[in-house]
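Per my numbering, the sequence shown starts with residue 1, numbered consecutively. Backbone N, C-alpha and C fix where the C-beta goes; we use that ideal spot for every residue, glycine too. Read the structure below first, then the notes.
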Amino acid sequence: DLLAELPPVTEVQHDVHLSTDDATRYALLRKQIHEKLFTSHGKRQNKIEVLAEITRLRRFCCHPRLFVPDADSESAKIQSLLELVEELRENQHRALVFSQYVDFLGLVREQLDERAIPYEYLDGGTPRPQRQSRIDAFQNGSASLFLISLKAGGFGLNLTAADYVIHLDPWWNPAVEAQATDRAHRIGQDPRVTVYRLVTRNTIEEKIMELHGK
Numbered sequence: 001d002l003l004a005e006l007p008p009v010t011e012v013q014h015d016v017h018l019s020t021d022d023a024t025r026y027a028l029l030r031k032q033i034h035e036k037l038f039t040s041h042g043k044r045q046n047k048i049e050v051l052a053e054i055t056r057l058r059r060f061c062c063h064p065r066l067f068v069p070d071a072d073s074e075s076a077k078i079q080s081l082l083e084l085v086e087e088l089r090e091n092q093h094r095a096l097v098f099s100q101y102v103d104f105l106g107l108v109r110e111q112l113d114e115r116a117i118p119y120e121y122l123d124g125g126t127p128r129p130q131r132q133s134r135i136d137a138f139q140n141g142s143a144s145l146f147l148i149s150l151k152a153g154g155f156g157l158n159l160t161a162a163d164y165v166i167h168l169d170p171w172w173n174p175a176v177e178a179q180a181t182d183r184a185h186r187i188g189q190d191p192r193v194t195v196y197r198l199v200t201r202n203t204i205e206e207k208i209m210e211l212h213g214k
């Protein structure tokens, strides 16, 4: 009965292509990690160590600065986001933008500030009174973008003013992403909701999306 009251939802995988230099760096990082985890004595079995190395690959896909602090400010993923944001703003759309990495959202904010693009922001460290005021501000039209950390946005938010949801990086468990998407795609939302997932080609992010399919 309730499903009939939900608006339609469209899901789109938006491919991101690393620059030639970044693709080379990624390949080198992957090789170094492989050599570290697969030694002449066999495969390392410490799952925490393996997860830490995988996380390094995932963070590089978001922005090289998350791996090398003095890397260039340019990032294929942020560039793809900015192009998408400009298109959405031109067509009067409003979007929720999710990432699991707060420091990556910080780099996104730098680029938005540089271009004078207004946005609201929320992560796990946002005080409760500010949390609600930022939600109210977005709902009332203060900005076309709301940047939210994945864990902070998984529950307790009603953001039906948005008709687009952008996931900057894939999480292992698609149910967690679905919970975040449901901040906009819920009863009380009238327009069609479109979900974009930014996935970096030829990287571990494609492998995560394959896991989602299984």
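Count the other CB atoms within 10 Å of the CB of Ser144; is the residue buried (16 or more) or exposed (fewer)?
For Ser144, the number of other beta carbons within 10 angstroms of its own is at least 16, and it is reported as buried.
Between the Cα of His63 and those of Lys43, Ala23 and Ile166, spot the shortest distance and give me the residue it belongs to.
Here the closest residue by C-alpha is Ala23.
Touch check for the stretch 70–77 and the stretch 10–22: three-plus C-beta pairs under 8 Å?
Flag = yes, the stretch 70–77 and the stretch 10–22 touch.
Please look up how many angstroms separate the CB atoms of Leu112 and Ile148, rounded, as I've assumed it's under 8 Å.
Between Ile148 and Leu112 the Cβ distance is about 14 Å, and since that is not below 8 Å, they are no contact.
Quick check on DSSP: helix, strand or coil for Asp70?
The DSSP-derived three-state label of Asp70 is coil.
With a threshold of 8 Å, are at least 3 pairs of Cβ atoms found where one atom belongs to the stretch 164–176 and the other to the stretch 93–101?
Proximity of the stretch 164–176 to the stretch 93–101 meets the contact definition, three or more beta-carbon pairs being nearer than 8 Å.
For Ile33 versus Leu57, is the C-beta distance shorter than 9 Å?
Closer than 9 Å, so yes.
For Pro170 and Pro127, what's the separation of their Cα atoms in angstroms?
If I take the Cα positions, the gap works out to 26 Å.
For Gly125 versus Val108, is the C-beta spacing smaller than 9 Å?
The beta carbons of Gly125 and Val108 sit no closer together than 9 Å.
So who's on the other strand from Gly42, going by DSSP bridges?
DSSP output for Gly42 lists Thr39 as bridge partner(s).
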